[in-house]
Amino acid sequence: MPCSLKKVFLGVLLSCFALTATQSASARAERGQRVESAGQKDKAPRKVAVQKKKAKALSASQKRRGAAEAAPKISASKGTKKSRKARGAASSGVVKTSLNRAPESAASQIPADQFVAQNLRSKPSSSGKLMLDAACAFMLNQDNGRILFEKNADSQLPVASLTKLMSALVIMRSNLSMSEPETVQKEDYYLPSSSFSRLRIGMTLSRSDLLHVALTGSDNRAIHTLARTFPGGMNAFVQKMNDTARELGLKNTSFEEPTGLSVHNRSTAREIARIAAEAYRYPTIREYSTTPNIELPTQAGIIHVRSTNRLIREGRDWNIGLQKTGYTGAAGHCMVLQSQVDGNRVLMVVLNSTSNNARINDVKKLRSWYEQQLGVKMGAARLPYNLM
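Written out as structure tokens, the structure reads:
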């Protein structure tokens, strides 16, 4: 082939390669533009959605911040925190409140029996000159059975730990060995309102010591242990309590358990006096209920128990022969007390006083009023049962 033809052929071949390369580059550029355009179309709605979501969240946050700024700020003091804990730990007839719920009305936090007591408290007594804080009260001369004073004496109310006098009666009437040892179990330990008990799981005490702790310190664990270990168990013990009430002629008295924690342990001031008079027949109950302080050796060391009645510890001139205190939210502050007054044995009962000081003042008023009357009022009714 001549040299000129070779040059022409090579020139044509190079031109073809250049044209093909140009077309390929153009095609790639066009595909890149289509892909970029499609990507921009896909990103557009996503970007708008994200922006809308952020705007909505910001609006909600601003509303919350505005409401918080508008609401009054309340800072709880240490005392407030403690009172909240105390309300949460309340027991025995007191309605518990939760900090996670809206506060309930004041009325819903007051036991129904307290409304009854408030109404009774405003009613006049048998002596208009003697004004008591207690909703119900009763006083009689134990030597001749004559009624000295009464205020709503037949109104039935919860009686709290005055229940333990009936429990002590059941124990003493059972003729069980008082030296027999009994051990505190879990079911005795985990009771409400037992924070002041000195008894712990595994402690072993004689039946006599348990009764002593129960009557001196109003110990729920002690009396629960005695009832649980009674022949036939707890149910048999409670049945015996109610049978004893029927035997004594008490028509308005009933018991659901032995400690007094239940609001269904109910009686009247008049019938509590009857129980106390019967319990007075037993020297052990008289001694144990009037002991100012006791010390008992246990596996965990010596436990100290003191009387729940301030008059036992301080009222040396009262010559108290038997007593029992009681308190729950539903029952209020209660007391039964037998004392020598002007040579006479006098039984006094107050139910649902508004405080410990109030029930003590009520008993003091009853005694003072009796002393001013110089004994039994003529014509006072005699009780239909023997209290000697």
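For the sequence shown, the residue numbers in our numbering are 2 to 389.
Idealized CB from N, CA, C, for every residue including glycine.
Please read these numbers as outputs of a predicted model, since none were measured by experiment.
| query | result |
| --- | --- |
| Selected residue, minimal CA-CA separation from T309, among N320, I303 and I295 | I295 |
| Unbroken alpha helix (DSSP H) run spanning K165, endpoints | T164 to R174 |
| Neighbourhood of K220 by C-beta, 6 Å cutoff - its chain only, sequence neighbours within 5 removed | Note on residue identity: the sequence assigns Asp, not Lys, to residue 220. Closer than 6 Å at the Cβ level, and outside the excluded window around D220, lie S198 and V214. |
| Exposure label - D114; buried when at least 16 CB within 10 Å | buried |
| Beta-ladder partner(s) of Y328, from DSSP | H334 |
| Nearest-angstrom Cβ-Cβ length linking L133 and K366, presumed shorter than 8 Å | 6 Å |
| According to DSSP, residues forming a beta bridge with T184 | T205 |
| Three-way DSSP call (helix, strand, coil) for K124 in this model | coil |
| Burial state of Q300 (16 or more Cβ within 10 Å) | exposed |
| Burial state of I313, where buried means 16 or more other Cβ atoms lie within 10 Å | buried |
| Beta-carbon contacts of T254 that lie in its chain and below 6 Å, excluding the five residues immediately before and after | A246, S268 and E272 |
| Backbone secondary structure at E288 - three-state DSSP | helix |
| Through-space distance from I276 to L1, alpha-carbon basis | Absent from the structure is residue 1, since the part of the chain shown begins at 2 and ends at 389. |
| Presumed contact (8 Å Cβ cut-off) between F287 and G327, rounded CB distance | What sits at residue 287 in the sequence shown is Arg, not Phe. The pair is not a contact, with the Cβ atoms about 18 Å apart (cut-off 8 Å). |
| Runs of alpha helix (DSSP H) wholly within the segment 234-297 (minimum 4 residues, chain order) | 234-248, 270-280 and 284-290 |
| For S168 and R174, the rounded distance between their alpha carbons | 10 Å |
| Alpha-carbon to alpha-carbon, T260 and F238 | 12 Å |
| S369 in three-state terms, based on DSSP | helix |
| C-beta contact flag for I172 and L206 at 7 Å | no |
| Selected residue, minimal CA-CA separation from A161, among V350, T329 and K241 | T329 |
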